[in-house]
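Numbering (our numbering), first residue to last: -1 to 477.
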């Protein structure tokens, strides 16, 4: 399952950093960690941040996993934990710009073995350029951190580079606008090819913002009431609410999701507006037998169950499916859950509808998961597209004649979207594309591709906070 929904549809781990302006000049002045008399929490929070970057770039571990596995993180005060998340996500979100600035300050590239030093420099630059940390605090703690990690030989270099950036951070930002500089080259080139330079730049710019929090109401008729309770606004898609990162006065909305009104009652779950659309494309599913393949984290399973479908939900991961079960219980919804590899499952057939949210590169979720941009590689795509083809074939075999299949991914890569559908239609003569209509996507005609599929970009609805990048196609089986 692609990670477009939060890890837990009712209890995500939203980023804690302050809203970042498109010019990347603003950041949270209140996010600095607390400090004891000897300043040790300052260093320990940054040390944990360095561990997390090391897990991502040396061990290729997703940030959410690295956060969950770090034994020292829970020992920090809540404010310091927030600072760690803010520092790491800000560094990842702006890493292309940060590396560009570092490249201007280094007379020669750092050796490959100096990854730890490079990550220390990245953390220091992120504090100076984006988090409004006092320059002396950012520089001194990074120099101290280098010493504690056995990189004493680089203390002078770290001090000199960070002080140079601190003298005029805006100049370094101006030299690295959003676009080709702010993304891995392969990703930038692929988006330019697929969408053109202008749209690719808009997508890259959208990634500089911390995304808002979207809610899917269990009862759409109650959306207006919960909008008032949650300080959220109604979105074009019926029953969808959006809670901004900050209030109109600019104050951060720090409240935990579990403490928000309606959580305990199971009135809503967290799910990006774009991620809500694929399940809605099945239309009225009340009383129908629907199978959700690769179901975790469960937002779409909840949608189908709330709409009255008889839902069977599969996922390979037992722990992830257990969290789906917990959330369905909170939401007072029911689905038949089964731990299984969807491609190998033989538990039934002739379903009225199949929803396949296939494993993918997740490049449409970079604004929520900025580590994705730096963890993925073009060499990942052949394996992923092979899996997507196998799952599509399986999904078609489970569908009754006359049934409906929704294929979707949270990827911006055409190889994982329309090209997979064209290949599937070529393999299966009995399947045909069913065009998506404007009213099915909240009246937003720009979300429909020329071929009639659903395609959202992070730059869509930019003034309202953007959308996750999503693709979905609807296919009908003959008969």
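Each residue gets a CB set at the ideal place from its N, CA and C atoms; glycine is no exception. All figures in this text were calculated on a predicted structure; none of them were measured in a lab.
In terms of DSSP beta bridges, what is residue i paired with?
i: residue 146; result: In the DSSP output, where bridge partners are listed per residue, residue 146 has none listed.
i: residue 406; result: 355, 470
i: residue 232; result: 239
i: residue 452; result: 446, 470
i: residue 397; result: 349
Can the beta-carbon of residue i be found closer than 9 Å to that of residue j?
i: residue 423; j: residue 351; result: no
i: residue 357; j: residue 389; result: yes
i: residue 273; j: residue 314; result: no
i: residue 119; j: residue 90; result: no
i: residue 467; j: residue 454; result: yes
i: residue 226; j: residue 203; result: no
i: residue 333; j: residue 322; result: yes
i: residue 201; j: residue 456; result: yes
i: residue 301; j: residue 406; result: no
i: residue 70; j: residue 46; result: yes
i: residue 280; j: residue 353; result: yes
i: residue 237; j: residue 329; result: no
i: residue 391; j: residue 425; result: yes
i: residue 230; j: residue 240; result: yes
i: residue 174; j: residue 98; result: yes
i: residue 95; j: residue 160; result: no
i: residue 379; j: residue 413; result: yes
i: residue 268; j: residue 463; result: no
i: residue 83; j: residue 207; result: no
i: residue 232; j: residue 221; result: yes
i: residue 383; j: residue 185; result: no
i: residue 260; j: residue 228; result: yes
i: residue 50; j: residue 147; result: no
i: residue 415; j: residue 434; result: no
i: residue 459; j: residue 465; result: yes
i: residue 401; j: residue 452; result: no
i: residue 282; j: residue 311; result: no
i: residue 67; j: residue 114; result: no
In this structure, how does DSSP classify residue i when only helix, strand and coil are distinguished?
i: residue 166; result: coil
i: residue 259; result: coil
i: residue 445; result: helix
i: residue 457; result: coil
i: residue 153; result: helix
i: residue 475; result: strand
i: residue 268; result: strand
i: residue 225; result: helix
i: residue 434; result: coil
i: residue 126; result: helix
i: residue 43; result: helix
i: residue 374; result: coil
i: residue 54; result: helix
i: residue 369; result: coil
i: residue 384; result: helix
i: residue 187; result: helix
i: residue 139; result: helix
i: residue 171; result: helix
i: residue 70; result: coil
i: residue 254; result: coil
i: residue 208; result: coil
i: residue 379; result: helix
i: residue 274; result: helix
i: residue 464; result: coil
i: residue 80; result: helix
i: residue 412; result: helix
i: residue 132; result: coil
i: residue 218; result: helix
i: residue 440; result: coil
i: residue 158; result: helix
Is any heavy atom in the ligand ZN found nearer than 8 Å to the beta carbon of residue i?
i: residue 388; result: This structure simply doesn't include the ligand ZN, nor any ligand for that matter.
Where does the unbroken beta strand (DSSP E) through residue i begin, and where does it stop?
i: residue 213; result: 211 to 215
i: residue 478; result: The requested residue 478 does not occur in the structure, where the chain is confined to residues -1 to 477.
Note the first and the last residue of the continuous alpha helix (DSSP H) segment covering residue i.
i: residue 424; result: 416 to 425
i: residue 62; result: 61 to 67
i: residue 199; result: 195 to 204
>> For a minimum of 3 consecutive residues, which ranges assigned as the beta strand (DSSP E) are wholly contained in the stretch 276 to 356?
In response: 287 to 291, 308 to 313, 334 to 337, 349 to 355
>> Runs of 4 residues minimum, wholly inside the stretch 83 to 123: which ones carry the alpha helix (DSSP H) assignment?
In response: 93 to 103
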